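Worksheet: the structure to be examined is printed underneath.
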Amino acid sequence: MESIRGRWLKAVLVGALLGVTPVCLPRAYATVDKTYEQLKLLVDILDYIKENYVEEVKTKDLIYGAATGMVKTLDPFSQFMDPDLHKDIKTETEGQFGGLGIRIGMREEWLTVITPLPGTPAYRMGVLPQDRIIKIAEDSTKGMTLVEAVQKLRGKPGTPVKITVARRASEDEKTEWTTKEFTITREVIKIESVQSHLLDNKIGYLRVIEFSAHTSEDVREMMESLKKGGANALVLDLRNNPGGLLTAAVEVAAFFVGQSKLIVYTQGRHPENRQEFRSNTEAPYEHFPMVVLVNGGSASGSEIVAGALQDHKRAVVVGAKTFGKASVQSVIPLADGSGLRLTVAKYYTPSGRSIQRDEKTGAGGIAPDIEITVTPEVEAKLQAQSEMIFEQGKDAKSIVKEEEKAKDLALERAIELLRAREILGSLNLTDG
5 MESIRGRWLK AVLVGALLGV TPVCLPRAYA TVDKTYEQLK LLVDILDYIK
55 ENYVEEVKTK DLIYGAATGM VKTLDPFSQF MDPDLHKDIK TETEGQFGGL
105 GIRIGMREEW LTVITPLPGT PAYRMGVLPQ DRIIKIAEDS TKGMTLVEAV
155 QKLRGKPGTP VKITVARRAS EDEKTEWTTK EFTITREVIK IESVQSHLLD
205 NKIGYLRVIE FSAHTSEDVR EMMESLKKGG ANALVLDLRN NPGGLLTAAV
255 EVAAFFVGQS KLIVYTQGRH PENRQEFRSN TEAPYEHFPM VVLVNGGSAS
305 GSEIVAGALQ DHKRAVVVGA KTFGKASVQS VIPLADGSGL RLTVAKYYTP
355 SGRSIQRDEK TGAGGIAPDI EITVTPEVEA KLQAQSEMIF EQGKDAKSIV
405 KEEEKAKDLA LERAIELLRA REILGSLNLT DG
């Protein structure tokens, strides 16, 4: 016989799932609408587990598991997020958080500093690349996961955190470790999403790592710096850029394509759901000669930018076909702090190309104008050597030693194209 507790639990859960207060429904309505019946199956399973499973389980864990499984049936990009993950996602896309300003990884089971970021609390206090953080407060980091470490290091801006680091006196692996304690006050850390420097022959290099809330203002700032340095052409590197905020990608593309030009449009289930995104201001860099670098790691927002620049004949796209992630996700906050990332539309380039990858055929993505084939091994090396290390009193340098760097064929081709354009433009051509 069904327990009173079971019947009560079913009524509450069905009501919560439907977003209404539980009420008695007419039998005729139930026969027409199968939704209640299908939800009842879900609640029955939950009830049986609660009453009969060999160990006691939390209702919340079962509900979260059901929500996760439900969303997984949709597509690879829709996702149910528990409160902790939802909070982390919001932090990453907003582009700032209270922290120390370090990139970290695990090395030999110890939390290790990859690099402090310029201008951050850790940088000012003298934390160095390759320092091992062996304690956070009084907790050892040996065997600690990166997620656990990040949760301990981040916090409210203005609050202190004590870390103990182990440091070798030199790069010699035989050198003994010395320890040092730092008490560092957390600050709002702006996530670096853009890097730039000047190449030879007045060619600017701009790498967009991801599209966050501050990316467009960073791009403008660095473009102005490149112009002041004498740059008259640009390599825009979008390789391994996984995307991010749609609005940020649109703003970046708009810098280069001209006023009122269509950048991208999204189309949902219904025709009236079409939404267009256009450049709403004058493009300050509309006449900059450009080459865009892409690869199989370029997705979402980076495909929007590459596709728009390619369609408007504003840039030559060089590299490998992009990933083909051309769908729009809305992040919907839920009552308990969890969240639902849901695919609500697909987006299209100005000419109407859908770049969403077909999971069955593998078709999709932005095809480059000039294809450069790179092996996975070289791709991994190029990705590693793009990581920069910062140290007080020294210029930024690649994490990979100069003699160990791989040859960047795509970047070399981009430079050749821009140089050739400049040379051809200076030729004095006459008839006859």
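Using my numbering, read the sequence shown as starting at 5 and increasing by one per residue. A virtual CB, placed ideally from N, CA and C, is assigned to each residue, including glycine. Treat the numbers as computed from the prediction; the structure is a model and nothing was measured.
ask   = When burial is assigned at 16 or more other CB atoms within 10 Å of the CB, is Glu228 buried or exposed?
value = Numbered from 1 along the sequence shown, position 224 holds the residue referred to as residue 228. Glu228 is exposed by the Cβ-count criterion.
key: Candidates Arg211, Thr187, Leu121, Val165: closest to Val309 by CA position   = Counted from its first residue, the sequence shown places residue 309 at position 305. For Val309, the closest C-alpha among the options Arg211, Thr187, Leu121, Val165 is that of Arg211.
request  = Could you pull out every unbroken beta strand (DSSP E) segment of at least 3 residues lying fully inside the region 93–159, listed in chain order?
outcome  = Counting whole runs of 3 or more residues, the region 93–159 contains the beta strand (DSSP E) stretches 100–103, 106–111, 114–120, 136–140.
Euclidean distance between Cα positions of Ala424 and Ile140 = Residue 424 sits at position 420 when you count from the first residue of the sequence shown. Residue 140 sits at position 136 when you count from the first residue of the sequence shown. Cα-Cα distance, rounded: 54 Å.
Where Asn284 falls, given that 16 or more other Cβ within 10 Å makes a residue buried = Here residue 284 refers to the residue found at position 280 when the sequence shown is read from its first residue. Classification of Asn284: exposed, given that the 10 Å Cβ count is below 16.
key: Burial state of Tyr57 (16 or more Cβ within 10 Å)   = Counted from its first residue, the sequence shown places residue 57 at position 53. Residue environment: Tyr57 is assigned as exposed (fewer than 16 neighbouring CB atoms within 10 Å of its CB, all protein chains considered).
ask   = Can you tell me the Cα-Cα spacing of Val223 and Gly368, whole angstroms?
value = For the purposes of this step, residue 223 is identified with residue 219 of the sequence shown, where counting begins at 1. For the purposes of this step, residue 368 is identified with residue 364 of the sequence shown, where counting begins at 1. Cα-Cα distance, rounded: 28 Å.
query = So, helix, strand or coil for Tyr269, using DSSP?
reply = Taking the first residue of the sequence shown as position 1, residue 269 is located at position 265. Tyr269 falls in the strand class under three-state DSSP.
message = Rounded to whole angstroms, what is the Cα-Cα separation between Asp48 and Lys54?
response = Here the question's residue 48 lines up with position 44 in the sequence shown. Here the question's residue 54 lines up with position 50 in the sequence shown. Distance between the alpha carbons of Asp48 and Lys54: 10 Å.
ask   = What are the boundary residues of the beta strand (DSSP E) that Glu41 is part of?
value = Working through the sequence shown from its first residue, we reach residue 41 at position 37. Unbroken run through Glu41 is the alpha helix (DSSP H), 39–56; no beta strand (DSSP E).
key: C-alpha gap between Lys44 and Ala303, whole angstroms   = Numbered from its first residue, the sequence shown carries residue 44 at position 40. Numbered from its first residue, the sequence shown carries residue 303 at position 299. CA-to-CA, the gap between Lys44 and Ala303 works out to about 40 Å.
ask   = Should Ala330 go down as buried or exposed, given a rule of 16 or more other Cβ atoms within 10 Å for buried?
value = One-based indexing of the sequence shown puts residue 330 at position 326. Flag for Ala330 reads buried.
task = With DSSP as the reference, label Lys430 as helix, strand or coil.
result = Locating residue 430 in the sequence shown gives position 426, counting from the first residue. Looking at the sequence shown, residue 430 is not Lys but Ser. Helix, per DSSP.
task = Would you identify the three-state DSSP class for Lys206, choosing helix, strand or coil?
result = On the sequence shown, position 202 is the one that residue 206 refers to. Here Lys206 sits in helix by DSSP.
DSSP bridge partner residues for Lys166 (one or two, in chain order) = Taking the sequence shown and counting its residues from 1, one reaches residue 166 at position 162. According to DSSP, which records beta bridges pairwise, Lys166 is partnered with Thr187.
request  = With DSSP collapsed to three states, give me the class of Gln387.
outcome  = Position 383 of the sequence shown, counted from the start, is the residue given in the question as residue 387. The answer is helix: DSSP assigns Gln387 an H, G or I state.
key: C-beta contact flag for Lys184 and Val165 at 8 Å   = Counting from one through the sequence shown, the residue named residue 184 turns up at place 180. Counting from one through the sequence shown, the residue named residue 165 turns up at place 161. It is not a contact, given that the beta carbons lie outside the stated cut-off.
key: Spatial distance of Ser355 from Ala319 (CA atoms)   = In the sequence shown, the residue the question calls residue 355 occupies position 351. In the sequence shown, the residue the question calls residue 319 occupies position 315. When the Cα atoms are used, Ser355 and Ala319 turn out to be separated by approximately 15 Å.
task = Indicate whether Asp241 and Leu297 have their beta-carbon atoms separated by less than 8 Å.
result = Residue 241 sits at position 237 when you count from the first residue of the sequence shown. Residue 297 sits at position 293 when you count from the first residue of the sequence shown. Yes, Cβ-Cβ distance for Asp241 and Leu297 is below 8 Å.
ask   = Who are Tyr351's beta bridge partners in DSSP?
value = If you number the sequence shown from 1, residue 351 lands on position 347. DSSP, once it has assigned bridges, lists Thr270 as partnering Tyr351.
query = Since Leu202 and Gly233 are thought to touch, with beta carbons under 8 Å apart, how far apart are those beta carbons, to the nearest angstrom?
reply = Against the sequence shown, residue 202 aligns to sequence position 198. Against the sequence shown, residue 233 aligns to sequence position 229. Leu202 to Gly233, Cβ: 5 Å. Contact.
inquiry  = Judging by CA-CA distance, which residue of Gly248, Thr77, Ala126, Ala324 is the nearest neighbour of Gly103?
reply    = In the sequence shown, counting from the first residue as 1, residue 103 sits at position 99. Cα-wise, what sits closest to Gly103 is Ala126.
query = Which whole-angstrom value is the C-beta distance of Asp86 and Ser342, which I expect to be below 8 Å?
reply = Looking up residue 86 in the sequence shown gives position 82. Looking up residue 342 in the sequence shown gives position 338. The Cβ separation is near 5 Å, so the contact holds.
key: Three-state secondary structure assigned by DSSP to Pro30   = As a position in the sequence shown, residue 30 is number 26, starting the count at 1. Here Pro30 scores only 47 on pLDDT, less than 50, and its place in the model is too uncertain to base an answer on.
Other residues of its chain near Gln389: CB distance less than 6 Å, five sequence neighbours each side excluded = The residue given as residue 389 occupies position 385 in the sequence shown. Close CB contacts of Gln389 within its chain, under the 6 Å cut and outside five residues either way in sequence, are with Ser402, Val404, Lys409 (chain order).
query = Is Arg278 closer than 8 Å to Tyr269 when the C-beta atoms are compared?
reply = Counting from 1 along the sequence shown, the entry for residue 269 is found at position 265. Counting from 1 along the sequence shown, the entry for residue 278 is found at position 274. Going by beta carbons, Tyr269 and Arg278 fall inside the 8 Å limit.
Which of helix, strand or coil DSSP assigns to Gln279 = Within the sequence shown, the letter at position 275 stands for residue 279. Here Gln279 carries a strand assignment [DSSP, helix/strand/coil].
query = What are the boundary residues of the beta strand (DSSP E) that includes Val332?
reply = As a first step, residue 332 must be located in the sequence shown, where it is residue number 328. Residues 331–337.
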